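Colleague: Protein chains in written order, with our numbering: chain A, 203 to 379; chain B, 13 to 477.
Each residue gets a CB set at the ideal place from its N, CA and C atoms; glycine is no exception.
Just so you know, these numbers come straight off a predicted model, no measurement behind them.
Submitted below is the structure of interest, expressed as structure tokens.
Next comes the structure, spelled out in structure tokens:
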């Protein structure tokens, strides 16, 4: 799920950036540092949408670096148990398949794949129904439901299932549909 | 006794899901004094006998405090069983409602003199039958699905075990376990191939207390599933019966009032009566069975029964018809139509009853209901015939009586064959054009059959191509 929230961060700025464009430099550095990171508490920071407040800078003794407390608005993405996501399959093996929904890695184990889908090894490993009408392979897009998340300080990993109504392949890798 | 099909559905629903729900206000939450379980059932039952009803009136007739009632209704509104409407209105507005209610045959006593020309906010409520079907079906579906998911352990996280060093992993560790040389997960310690824990090895070796608990839980779930199936069977049957019927549309409060008033405004009560019938039975669209099937045969006992129901004694819709009920019905006919063919009718009746008793109990209940319905239909019809006959001439009474006798027999037979009486009764309720209805139906059937055949062919073609 996406959230638009306000976060705070202490930014250290090198003295060479001091000047008329200090603020711009600060924001640029903030974006570079923060966007794409993951915190267990808030999820993945997708984008910074605005800077609310830059506090008073504090000069570090010895280095000359200045620390600014910065409040910024950002869009974060955090997967939840029970959430339905659309994801792209990245790897298929005998144990199941891995998929990515944006920055989130999701593993779907083979007992959470419908029973009528069988693993086919070979050049392109895939899961296929007996009549061959549905195939899950690398680059397939699937709709899945998250049944568990493992949230570390800097990492979120999910387990999903496609063994439920309206879940499964939503488009083939070739894009024929 | 004239429980409508939908009314029965609501009653069953009330008893299945809202029997032990106590609706507490914020203030009552602490005290145990207000044990109002069962009140929900009473209110729902009360609503099945009405269309749009002013909440004060409902409270009065149910002998509930209006605050209590409102709390219950709010609960049901959230449950999507009841639609409510609030509006500010003067005494005149209230009168419009009263007139509409009277026209709709609710027969609510109205006290016109008491009301002043002050604006009051009045609340009205009504069962939303169309939605109720969906709500109940969804509820049952969710219950079953939750259980099934649990049983299939669908949402559990897969565990893996290393056969060499017995180290256990869960699917959360999957990222670390992938090997790029083959398709299996590999142990971080010894690089052995991991096995999914549901495989035989693990169940043999890891069969400890944890496994036992799981087994017990499974048994419990199985048991629960069976009980759900069993206990909801009557409700499911009722749902199936209701499914194909058109939903009775009361519309919003305004449109309902307009509809009923429209009939009333024509002046004579006959028009209102006709409109009521049109709405209720003959028109087909609004409601085939709703409340208003006020058969003239209303027995002296039925009023008592309704009251008993009001006070919350449940199951009266399900109970086997007490013998005094039948007796009374027969008396009534006897009075009205003299002694002539009464005995033979009684025999026939008892025969049918005996047949029914042989059936299983559940069937008996529903059959009883259906039989009763058919019986009253037949009675009503007969009465109408009787009246007409009496008005015309008395000389031919004998022959026409034989005729009507046969009809009753035929009808009962049909009930037994079909199992569902809706279609049949609906047809027979058509005041005229009964004959024109049947050929139409046949045509319809014929038209359907080839169509489905085409579909199949199409499918085959499509698969080949």
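#1: Flag residue 196/B as yes if its beta-carbon sits less than 8 Å from any beta-carbon of chain A, otherwise no.
#2: Which residue from 84/B, 206/B and 238/B puts its Cα closest to that of residue 95/B?
#3: Can you name, in chain order, every residue of its own chain whose Cβ lies under 6 Å from the Cβ of residue 56/B, other than the five neighbours on each side?
#4: Determine the direct distance from the alpha carbon of residue 343/A to that of residue 302/A, and round the result to whole angstroms.
#5: At least one CB of chain B closer than 8 Å to the CB of residue 328/A: is that the case?
#6: Would you say the region 248-265 of chain A touches the region 291-300 of chain A, given that touching needs at least three Cβ pairs under 8 Å?
#7: If you run the structure through DSSP and keep just helix, strand and coil, what is residue 55/B?
#8: Going by the DSSP bridge assignment, what does residue 188/B pair with across the sheet?
#9: Between the C-alpha atoms of residue 353/A and residue 209/A, what's the straight-line distance to the nearest angstrom?
#10: Determine the contact status of residue 195/B and residue 311/A, defining contact as a CB-CB distance below 8 Å.
#11: Would you report the Cα separation of residue 124/B and residue 107/B, rounded to the nearest angstrom?
#12: Measure the CB-CB distance between residue 269/A and residue 340/A and report whether it falls below 8 Å.
#13: Taking just the CA atoms, how far does residue 142/B sit from residue 366/A?
#14: Does chain A have any CB closer than 8 Å to the CB of residue 313/B?
#15: Does the region 203-221 of chain A touch the region 253-273 of chain A, meaning 3 or more C-beta pairs lie closer than 8 Å?
#16: Mind listing which residues of the region 347-377 of chain A have their C-beta closer than 8 Å to chain B's C-betas, in chain order?
#17: Identify which residue in 333/A, 346/A, 206/A and 355/A has its Cα closest to the Cα of residue 363/A.
#18: Using the C-alpha atoms, what's the distance from residue 178/B back to residue 242/A?
#19: Do you know whose CA, among 169/B, 255/B and 233/B, lies nearest residue 184/B's CA?
#20: If residue 205/A sits next to residue 290/A, beta carbons under 8 Å apart, how far is it from one beta carbon to the other, in whole angstroms?
#21: As an exercise, report each continuous alpha helix (DSSP H) stretch of at least 4 residues that is fully enclosed by the region 60-89 of chain B, in chain order.
#22: For residue 322/A, return the contacting residues in chain B, with the cut-off set at a CB-CB distance below 9 Å.
#23: Put residue 364/A into one of helix, strand or coil per three-state DSSP.
#24: Is residue 351/A buried or exposed, if buried means 16 or more other CB atoms sit within 10 Å of its CB?
#25: Do the CB positions of residue 147/B and residue 92/B come within less than 8 Å of each other?
#26: Which value, in whole angstroms, describes the spacing of the CA atoms of residue 327/A and residue 175/B?
#27: CB of residue 136/B to nearest heavy atom of the ligand MN: below 7 Å?
#28: Is it right to say residue 329/A is buried, meaning 16 or more other beta carbons lie within 10 angstroms of its own, or is it exposed?
Modeller: In brief:
#1: yes
#2: 84/B
#3: 22 and 26
#4: 10 Å
#5: no
#6: no
#7: helix
#8: DSSP output for residue 188/B lists no bridge partner at all.
#9: 19 Å
#10: no
#11: Unreliable positioning characterises residue 124/B in this predicted model, as indicated by a pLDDT of 44, which lies under 50. A coordinate reading is not provided.
#12: no
#13: 28 Å
#14: Because the pLDDT at residue 313/B is just 45, under 50, the model does not fix this residue reliably, and the point stays unresolved.
#15: yes
#16: 349, 350, 352, 359, 361, 363, 365 and 366
#17: 346/A
#18: 30 Å
#19: 169/B
#20: Incorrect: roughly 23 Å between the Cβ atoms, too far for contact.
#21: 67-74
#22: Neighbours of residue 322/A on chain B: none; closest Cβ ~11 Å, over 9 Å.
#23: coil
#24: buried
#25: yes
#26: 25 Å
#27: The ligand content of the structure shown is nil, which means the ligand MN is not present either.
#28: buried
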